[in-house]
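Taken in order, these protein sequences are the chains called A and B. Going left to right, the first sequence walks through residues 17 to 281 as the working numbering numbers them. Going left to right, the second sequence walks through residues 1007 to 1220 as the working numbering numbers them.
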Amino acid sequence: MSYSRSHRPAAERLDASRTVRIISVKPGLPQHIPCVHPIPIEDVPARVSVRSSRGEPGHACGRERATEIVFLAPRIKNVELPHEPVVFEQTTLQGASAVGPAAWRFSVVTAQSPCATAETPTLALVPRRRSGGQSKRQRYDTFTRPMPAVLDGTDRISLIPHRRKGLTPRQIGDGEIAGHLNEARAAKGIIPENARLVAVFRRTPVELVSHMRFDESRKLLLFKLIPCGDLRCTRVYDLAAVRDLSTGKLHLIPHRTRYRTVSLS
Amino acid sequence: MVHLSHTQVKDDLHPADSSTGCPSMPTPEREVKPPLRREVGYFCHFVLEGKHMGGILVTNEIGVPLEFKYTEPVAMNRLQKTLYGAVLDRYLHETVIRDSLARELHSDPKYFITGFEEKEYLGTLAGREMIALQEVRSASSEPGGSFARTRDREAVILTDEGPGLRAAFSTSDEAVQQDMIDWLQGAARTMDLLEPLDRVKVALKMLIGDERKR
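In structure tokens form, the structure reads like this:
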């Protein structure tokens, strides 16, 4: 959907005297402007909030996947990408010449505009020039969804414990039940007549477990693993939760022969 | 992995440098097999209070996270909902969330697993096919087989000693589907295939909570 320039809301109107154009480093462009740290154009969100050199908040908009970004703000100072600040060495200024190049370093604060909200409804309206360059009668697309920033959370998810749902004795065969009870006798000295199989957990990497908790009511096993690091292989065991009826104590016992060796990536 | 086979190739040419010192001795055929990729990819799209978030988790063969990427929450306003209409959900799932995540992914799992509720939006993620999975209690297979095709793109898969899995594939190519089934059955031998999806959901809930606190 698009509309002519004169019909666009006042807040979104491109004012030539307040427009700064940054051209990315790309061979073959007529205006080749070197950057200190050239950034891929995909990394710059379509719509950003900016601060002027006087610290005033402003709004800016940019074109996605284009060769240039057009910002709307009177005095923009720095460009700041999500994690590392990027400073442009030079920029061009269209329509105004009172401000020197030193004042035209940009600050793009992406965290301030993750999405349009009730307070900032105009963030949804991102004017975008149509491709093909209609110079005489310039038209603008009214709506472009800015792509959300993608963040790394590997460390965060590593803290979340693994959750394994146990199989009840009904779900496994009699032979396997007898096998687990025999293992309980061999490992803990529990007489099979005094033992009750509570649950069996398949494919549990017992050798790498650092913390373990068993929720008997939900038959759930929660465990955390140590970092695999340089480990090339490990074994995943069938782990049985066996209750000793004489003492009432619960034991978690891996079956010595029911395992698989896994070579790790 | 380099695999040396003991079979000799008929009319094998002698090595140019004759480094073996015996020019008449035929060199054994060297067969290079591609390395087995057992990394498992997971994709999760999560909506909470109108905010959409997506996460990609890549784990090793036992479910240890190797890489986890997530998007910032995205909310749509009334104007956007009106403008996009019926295609809004698809646009959000496929273009805004999934493609953004795919661009940032460094690992290269063979396939991506997602929840069965995502089956309407299956496609390729970072050039890899996707499988929507759901656990089924009673699963039956074709005679002599380990899976049963239920529809053009759906099947019920049996795993070794594990639960049955209902799977929807992103492709209708039967050869690729068969490869996906083999891959799933191989991965299910060493890990619980669906458990990491729960972890991704927990992580996204946690992160959206952190976002709210800010």
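All C-beta atoms in this analysis are idealised placements derived from N, C-alpha and C, irrespective of residue type, glycine included.
Using only CA atoms, which one of the options lies nearest to residue i?
i: residue 186(A); options: 197(A), 172(A), 216(A) and 199(A); result: 216(A)
i: residue 256(A); options: 192(A), 163(A), 175(A) and 169(A); result: 192(A)
i: residue 253(A); options: 168(A), 227(A), 273(A) and 165(A); result: 273(A)
i: residue 238(A); options: 244(A), 278(A), 204(A) and 220(A); result: 220(A)
i: residue 249(A); options: 165(A), 222(A), 270(A) and 172(A); result: 222(A)
i: residue 1191(B); options: 1159(B), 1137(B) and 1212(B); result: 1137(B)
i: residue 279(A); options: 1181(B), 1168(B), 1195(B) and 1175(B); result: 1195(B)
i: residue 1139(B); options: 1115(B), 1176(B) and 1152(B); result: 1176(B)
i: residue 1096(B); options: 1124(B), 1164(B), 1169(B) and 1156(B); result: 1124(B)
i: residue 1130(B); options: 1197(B), 1215(B), 1143(B) and 1109(B); result: 1109(B)
i: residue 331(A); options: 174(A), 206(A), 175(A) and 227(A); result: Examination of residue 331(A) is not possible in this model, given that chain A is present from 17 through 281 alone.
i: residue 228(A); options: 166(A), 164(A) and 177(A); result: 177(A)
i: residue 1188(B); options: 1165(B), 1092(B) and 1169(B); result: 1165(B)
i: residue 1094(B); options: 1208(B), 1127(B) and 1183(B); result: 1127(B)
i: residue 175(A); options: 1213(B), 1183(B) and 1086(B); result: 1213(B)
i: residue 1152(B); options: 1184(B), 1090(B) and 1088(B); result: 1184(B)
i: residue 172(A); options: 1178(B), 1208(B) and 1179(B); result: 1208(B)
i: residue 188(A); options: 247(A), 245(A), 218(A) and 230(A); result: 218(A)
i: residue 179(A); options: 1178(B), 1113(B), 1179(B) and 1197(B); result: 1197(B)
Can the beta-carbon of residue i be found closer than 8 Å to that of residue j?
i: residue 276(A); j: residue 251(A); result: yes
i: residue 1135(B); j: residue 1186(B); result: yes
i: residue 225(A); j: residue 236(A); result: no
i: residue 1206(B); j: residue 1050(B); result: yes
i: residue 1052(B); j: residue 1210(B); result: yes
i: residue 1074(B); j: residue 169(A); result: yes
i: residue 1046(B); j: residue 1065(B); result: yes
i: residue 1132(B); j: residue 1098(B); result: no
i: residue 269(A); j: residue 181(A); result: no
i: residue 1154(B); j: residue 1044(B); result: no
i: residue 1217(B); j: residue 1079(B); result: yes
i: residue 195(A); j: residue 267(A); result: no
i: residue 1120(B); j: residue 1048(B); result: yes
i: residue 1174(B); j: residue 1159(B); result: yes
i: residue 1141(B); j: residue 1169(B); result: yes
i: residue 1054(B); j: residue 166(A); result: no
i: residue 214(A); j: residue 199(A); result: no
I'd like to confirm something about residue i: is its beta-carbon nearer than 7 Å to some heavy atom of the ligand NAD, or not?
i: residue 1161(B); result: Absence of the ligand NAD from the depicted structure is noted, as is the absence of any ligand whatsoever, leaving it without description.
Next on the checklist: For the stretch 182 to 200 of chain A, list every residue whose C-beta sits within 7 Å of some C-beta in chain B, in sequence order.
Outcome noted: none
Next on the checklist: Taking beta-carbon pairs under 7 Å, can you tell me which members of the stretch 1057 to 1080 of chain B lie near chain A?
Outcome noted: 1063, 1066, 1067, 1068, 1069, 1070, 1071, 1073, 1074, 1075, 1076, 1077, 1078, 1079 and 1080
Item to check | the stretch 1085 to 1105 of chain B contacting the stretch 1046 to 1060 of chain B, beta-carbon criterion three pairs below 8 Å | outcome: yes
Next on the checklist: Assess contact between the stretch 1063 to 1071 of chain B and the stretch 1188 to 1206 of chain B, defined as three or more Cβ pairs (one per stretch) separated by less than 8 Å. Is contact present?
Outcome noted: yes
Item to check | Residues in the stretch 1195 to 1213 of chain B having any Cβ partner in chain C nearer than 8 Å | outcome: Among the protein chains of the structure shown, namely A and B, there is no chain C.
Item to check | Positions along the stretch 1151 to 1167 of chain B whose CB lies within less than 7 Å of some CB in chain A | outcome: 1167
Next on the checklist: Using a Cβ distance threshold of 8 Å, determine whether the stretch 258 to 268 of chain A contacts the stretch 194 to 210 of chain A, with at least three qualifying pairs required.
Outcome noted: yes
Item to check | chain B contacts made by the stretch 265 to 279 of chain A, where a contact means CB separation under 7 Å | outcome: 276 and 278
Next on the checklist: Please give me, in chain order, every unbroken run of the beta strand (DSSP E) with length at least 3 that falls completely inside the stretch 1153 to 1188 of chain B.
Outcome noted: 1153 to 1157, 1160 to 1163 and 1170 to 1175
Checklist entry - Hey, which unbroken runs of the beta strand (DSSP E) at 3 residues or more fall wholly within the stretch 1053 to 1104 of chain B? => result 1057 to 1065 and 1071 to 1077
Checklist entry - Can you list, in chain order, the residues of the stretch 211 to 238 of chain A whose Cβ is nearer than 8 Å to any Cβ on chain B? => result 218, 219, 221 and 224
Item to check | Residues from the stretch 1120 to 1149 of chain B in contact with chain A, defined by Cβ distance under 9 Å | outcome: none
Item to check | Ordered list of beta strand (DSSP E) runs contained in the stretch 198 to 245 of chain A, each at least 3 residues | outcome: 211 to 220, 225 to 231 and 236 to 241
Item to check | Residues of the stretch 1097 to 1109 of chain B with Cβ closer than 9 Å to any Cβ of chain A, in chain order | outcome: 1097, 1098, 1101, 1102, 1103, 1105, 1106, 1107 and 1109
Item to check | Complete runs of the beta strand (DSSP E) confined to the stretch 1097 to 1141 of chain B [at least 3 residues] | outcome: 1118 to 1121
Next on the checklist: Output needed in chain order: residues of the stretch 1045 to 1056 of chain B with a Cβ under 7 Å from some Cβ in chain A.
Outcome noted: 1045
Checklist entry - the stretch 167 to 181 of chain A: which residues have C-beta closer than 7 Å to a C-beta of chain B, in chain order? => result 167, 168, 169, 170, 172, 173, 174, 176, 178, 179 and 180
Item to check | Residues within the stretch 240 to 259 of chain A neighbouring chain B, beta-carbon criterion of under 9 Å | outcome: 241, 243, 244, 250, 252 and 254
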